[in-house]
Amino acid sequence: MTIQDDPARPGDRFAIRVRDLHKSFGSHEVLRGVDLDVERGRINVIIGGSGQGKSVLMKHLMGLLKPDRGSIFVDGVDLVPMGDHALNKVRRKFGMLFQYAALFDSLTVLENIEFPLVEHTRMKRSERTALVKETMASLDLAELLLKKHPSELSGGQRKRVGLARALVLKPAILLYDEPTTGLDPVATKNVDDMIQGISQKTGVTSVVISHDMASTFGIGDRISMLHEGRIVESGTPDEIKRSRYAFLRHFVEMSGAVEMSALLEDQRTGGEA
Ligand SMILES: Nc1ncnc2c1ncn2[C@@H]1O[C@H](COP(=O)(O)OP(=O)(O)OP(=O)(O)O)[C@@H](O)[C@H]1O
Ligand SMILES: [Mg+2]
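FYI, the numbering for the sequence shown is 812 to 1084, going by my numbering.
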């Protein structure tokens, strides 16, 4: 299916539309026909078990991995056939908070956060530093951290420095790969509040990979589950709570953080995987 086949859903509502995406590493088929719609200006959460391909899928969204086949429409334009030059332009629309924050250990906080500005703009050093400071302030990161190295930071600070780096180019789309992994409940709540705050203040489109069901249902406007290489369910938190998909129900209930809605009698017999 292409965007044009789907007039009922104008392209504008969705910042990203993935169609029939396939990706294997050797004989390991990781993505086996992913269809995913990412709602513009909303928080879109992707859930799924470890090793199901969530990070691989996210890297495809901004063109960091090439699929074997399929389409990835960003603002209506498929980035799969693009060459490096065009792809670089599309990437500027994105900010990404990598799993484990992935900071450059040999660079200072300042150098880490200004990295996208050095790569993608011709700003002067003073302009870059001013923008870095402004971004840090918006995330409650003290300026005295500027000269520190990542190894001197706490886990929560590293996440926020990673987030500052993702935000510094003021991207239209923000990708967060497990932003709360390894954080205590208070720090998790802070990161969740930050993601929601950024979303509400800037209207940015957010895609969040999460294994934390309390976060997922707390901040998600739309939740999609990746399982066995496909998106098996997608909807609002309430729709997901009413899902008939047995694996999803089990996955969410196992967390103990969210209660699924009871199924109606006539739903129980409905066919599903
Ligand atoms: N560059 C790569 N080369 C080979 N295999 C890879 C590569 N990247 C990912 N994989 C494999 O693809 C599968 C999916 O990996 P991925 O990191 O996307 O999982 P995930 O859903 O993000 O898991 P987690 O929740 O643990 O982060 C794994 O089996 C992984 O080993
Ligand atoms: Mg991952």
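All C-beta atoms in this analysis are idealised placements derived from N, C-alpha and C, irrespective of residue type, glycine included.
Since the structure is predicted, the reported quantities are computational estimates derived from the model, not experimental observations.
Check residue i in the structure and name its three-state DSSP category.
i       : result
Met893  : coil
Thr813  : At Thr813, the pLDDT of 47 sits below 50, so the modelled position is not reliable and the matter cannot be decided from this model.
Phe915  : coil
Asp1032 : coil
Met1071 : coil
His771  : Coverage of the chain is limited to positions 812 through 1084, which leaves residue 771 absent and any answer about it impossible.
Ala826  : strand
His960  : coil
Asp886  : coil
Thr1016 : strand
Val849  : strand
Leu832  : strand
Arg969  : helix
Gly864  : coil
Arg933  : coil
Gly1008 : helix
Glu1064 : helix
Arg1055 : coil
Going straight from the alpha carbon of residue i to that of residue j, what length do you get?
i       : j       : result
Ile827  : Ser835  : 22 Å
Pro929  : Asn899  : The displayed chain sequence assigns Val, not Pro, to residue 929. So the alpha carbons of these two residues sit roughly 14 Å apart.
Asp1004 : Asp995  : 14 Å
Gln968  : Leu952  : 8 Å
Gly1046 : Asn855  : 9 Å
Arg936  : Pro927  : 13 Å
Gln1031 : Pro892  : The amino acid occupying residue 1031 in the given sequence is Gly; Gln does not appear at that position. Cα to Cα, the separation comes out at about 31 Å.
Gly1082 : Gly852  : Note that Gly1082 scores 48 on pLDDT, short of 50, meaning its location in the model is unreliable; the coordinates nonetheless yield the value given after this. Cα to Cα, the separation comes out at about 34 Å.
Thr932  : Leu980  : 9 Å
Ser1021 : Ile858  : 6 Å
Leu918  : Arg1060 : 44 Å
Arg942  : Glu1044 : The residue asked about is misnamed: residue 942 is Leu in this sequence, not Arg. About 40 Å.
Tyr1056 : Ser1035 : 12 Å
Asp879  : Glu954  : 44 Å
Gly874  : Ala897  : 10 Å
Phe909  : Thr1016 : 16 Å
Met812  : Asn923  : Bear in mind that a pLDDT of 44 at Met812, under 50, signals an unreliable position, so the number given afterwards is only what the model happens to contain. Between Met812 and Asn923, the C-alpha separation is close to 40 Å.
Arg843  : Val1019 : 21 Å
Gly1014 : Ser1054 : 28 Å
Gly993  : Ala1025 : 15 Å
Asp831  : Glu1064 : 29 Å
Leu1074 : Thr1027 : 21 Å
Val776  : Leu956  : Nothing in the structure corresponds to residue 776, since the chain is present only between 812 and 1084.
Glu840  : Lys1052 : 29 Å
Gln863  : His833  : 13 Å
Tell me residue i's beta-bridge partners as DSSP assigns them.
i       : result
Phe905  : Ile984
Ile858  : Met1036
Leu1044 : Just to set this straight, residue 1044 is Glu in the shown sequence, not Leu. Glu1044 is bridged to Met1036.
Arg880  : His833
If you compare alpha carbons, which of the options is closest to residue i?
i       : options                         : result
Arg824  : Glu850, Ser838, Val841, Ala941  : Glu850
Lys944  : Glu925, Lys935, His931, Lys959  : Glu925
Ile984  : Glu1064, Phe905, Val972         : Phe905
Met947  : Met907, Val1063, Glu938, Leu978 : Leu978
Ala913  : Arg902, His960, Glu1050         : His960
Asp1023 : Val1069, Gln1007, Asp1049       : Val1069
Lys1050 : Gly864, Ser1072, Phe1062        : According to the sequence as given, residue 1050 is Glu; it is not Lys. The option with the nearest alpha carbon to Glu1050 is Ser1072.
- Is the segment 879-892 close to the segment 955-964, with three or more CB pairs under 8 Å? These segments do not touch.
- Can at least three beta-carbon pairs, one atom from the segment 1033-1050 and one from the segment 995-1004, be found at a separation below 8 Å? Counting C-beta pairs closer than 8 Å gives fewer than three between the segment 1033-1050 and the segment 995-1004, which falls short of the contact rule.
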